[in-house]
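Each position in the sequence shown, counted from 1, maps to that position plus 17 in our numbering.
All C-beta atoms, glycine included, are put in the ideal place defined by N, C-alpha and C.
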Amino acid sequence: MKNIILDTDTKKIYSSNQADKLVYEFKCENSSEKRKKTKSGVSAILRNDISTYFFDYLQNFQIPTFFIKRLSGYELLVRNINFIPITVAVYNYATHDLGKKFDLKEGIPLQFPVFEFYYLNKGNQRVFINETHVFSLGLLTGDEFKIINRLASKVNAVVKSLCDRRNLILAKMELEFGRSQNQIVLSSEISPLTLFFWHLSDDGKILRDHFVYSGDNIVKSYKEIKDRLSLKS
18 MKNIILDTDT KKIYSSNQAD KLVYEFKCEN SSEKRKKTKS GVSAILRNDI STYFFDYLQN
78 FQIPTFFIKR LSGYELLVRN INFIPITVAV YNYATHDLGK KFDLKEGIPL QFPVFEFYYL
138 NKGNQRVFIN ETHVFSLGLL TGDEFKIINR LASKVNAVVK SLCDRRNLIL AKMELEFGRS
198 QNQIVLSSEI SPLTLFFWHL SDDGKILRDH FVYSGDNIVK SYKEIKDRLS LKS
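Below, the structure is given as structure tokens:
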């Protein structure tokens, strides 16, 4: 019997027939897909397409992740890791939430990427934390905190550079990490659920609402992102 490790609205993680490996299942987000009660939907498969593309791409830059291989249209085989209950949000632009907090005009580029850290408590609430919280709560060692910062910075630089060549603005990304055999690895999907894209038009205008992730627009937006990422260069 499969042992469910995590089950949310967008993903399910459960045991495999190998103790050191888990299965990561993408769930559909489109309401019409959910009503059909199918095992997976187009949105789930597209998220897997995009995540697999990014995991393969990051391997070229020696960035450690929990990704092993793709199992099916909507499943990945990943390393069995000890998940760290911290989300790292990396901002390259003033998004709506960042602009509201710091009185910044939405859409402006930041002079330097901004890192924010959030702790997922037992009530599944995300709580803003800083470095002192991390150490006081015993969430990470000093070395682990430095490694996560370095990895998040490198992932951001690599993915942002790729997006720049696709006329995609990477406004923000959210990353999660885990421990695997004394190594810190990236342990979150890399899809439009964790990457916040804007469109850069041919005349240089930033269109923040180009991609719409609601209703039937989810599949359309995911397909466009997938097609643009798959371009060579």
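Cα-Cα separation between residue i and residue j, rounded to whole angstroms
i: isoleucine 62; j: alanine 169; result: 25 Å
i: glycine 116; j: glutamine 198; result: 39 Å
i: phenylalanine 194; j: tyrosine 31; result: 17 Å
i: glycine 90; j: tryptophan 215; result: 26 Å
i: glutamate 303; j: glycine 58; result: The structure shown does not extend to residue 303, since the chain is modelled only from 18 to 250, so the question has no answer here.
i: lysine 189; j: leucine 224; result: 15 Å
i: arginine 96; j: aspartate 226; result: 35 Å
i: arginine 196; j: asparagine 166; result: 15 Å
i: isoleucine 85; j: alanine 111; result: 34 Å
i: serine 153; j: phenylalanine 132; result: 19 Å
i: asparagine 173; j: phenylalanine 78; result: 12 Å
i: glutamine 200; j: isoleucine 103; result: 16 Å
i: aspartate 66; j: leucine 121; result: 34 Å
i: proline 81; j: cysteine 45; result: 27 Å
i: isoleucine 235; j: phenylalanine 119; result: 30 Å
i: serine 218; j: isoleucine 21; result: 43 Å
i: aspartate 181; j: glutamate 161; result: 30 Å
i: histidine 150; j: asparagine 34; result: 37 Å
i: glycine 163; j: glycine 155; result: Sequence check: residue 163 is lysine here, not glycine. About 15 Å.
i: glutamate 50; j: lysine 240; result: For glutamate 50, the predicted structure reports a pLDDT of 47, less than 50, and the residue's modelled location is therefore unreliable. A value from the coordinates is still provided. Cα to Cα, the separation comes out at about 16 Å.
Residue from the options whose Cα sits closest to the Cα of residue i
i: phenylalanine 134; options: Gly155, Glu92, Ala106 and Tyr91; result: Ala106
i: lysine 177; options: Val95, Pro126 and Arg96; result: Pro126
i: lysine 38; options: Val151, Ser204, Tyr230 and Pro209; result: Ser204
i: threonine 27; options: Thr211, Asp244 and Pro130; result: Thr211
i: proline 130; options: Leu75, Lys19, Lys171 and Leu185; result: Lys171
i: leucine 179; options: Asn138, Ile235, Lys222 and Ile242; result: Ile242
i: valine 175; options: Asp114, Leu75, Ile146 and Tyr108; result: Leu75
i: tyrosine 108; options: Glu148, Val144 and Gln128; result: Gln128
i: leucine 246; options: Gly155, His113, Ile164 and Asp73; result: Asp73
i: aspartate 233; options: Asn138, Arg183 and Ser60; result: Ser60
Spatial neighbours of residue i in its chain, beta-carbon cut-off 6 Å, leaving aside the 5 residues before and after
i: isoleucine 207; result: Ser68 and Phe71
i: phenylalanine 213; result: Ala188 and Lys189
i: glycine 159; result: none
i: arginine 64; result: Phe43 and Ser208
i: asparagine 141; result: none
Residue i, DSSP secondary structure in three states
i: lysine 117; result: helix
i: arginine 225; result: coil
i: isoleucine 162; result: According to the sequence shown, residue 162 is phenylalanine rather than isoleucine. In this structure, phenylalanine 162 counts as helix in the three-state DSSP scheme.
i: aspartate 24; result: strand
i: threonine 211; result: coil
i: lysine 189; result: strand
i: threonine 104; result: strand
i: phenylalanine 71; result: helix
i: leucine 98; result: The residue asked about is misnamed: residue 98 is isoleucine in this sequence, not leucine. Isoleucine 98: coil per DSSP, three-state reduction.
i: tyrosine 91; result: coil
Same chain, Cβ closer than 7 Å to residue i, five either side skipped, listed in chain order
i: lysine 54; result: With a pLDDT of 46 at lysine 54, under the threshold of 50, the modelled position of that residue is not reliable, and no figure is offered here.
i: valine 229; result: Ser238
i: glycine 124; result: Tyr110, Ala111, Ile223 and Arg225
i: histidine 113; result: Glu123
Residues near residue i by beta carbon distance below 8 Å, same chain, minus five either side
i: leucine 88; result: Val40 and Leu94
i: aspartate 220; result: none
i: valine 4; result: What is shown of the chain runs 18 to 250, which leaves residue 4 out entirely.
Neighbour flag for residue i against chain C, beta carbons, 8 Å
i: threonine 149; result: This model lacks chain C altogether, as it is built from one protein chain only.
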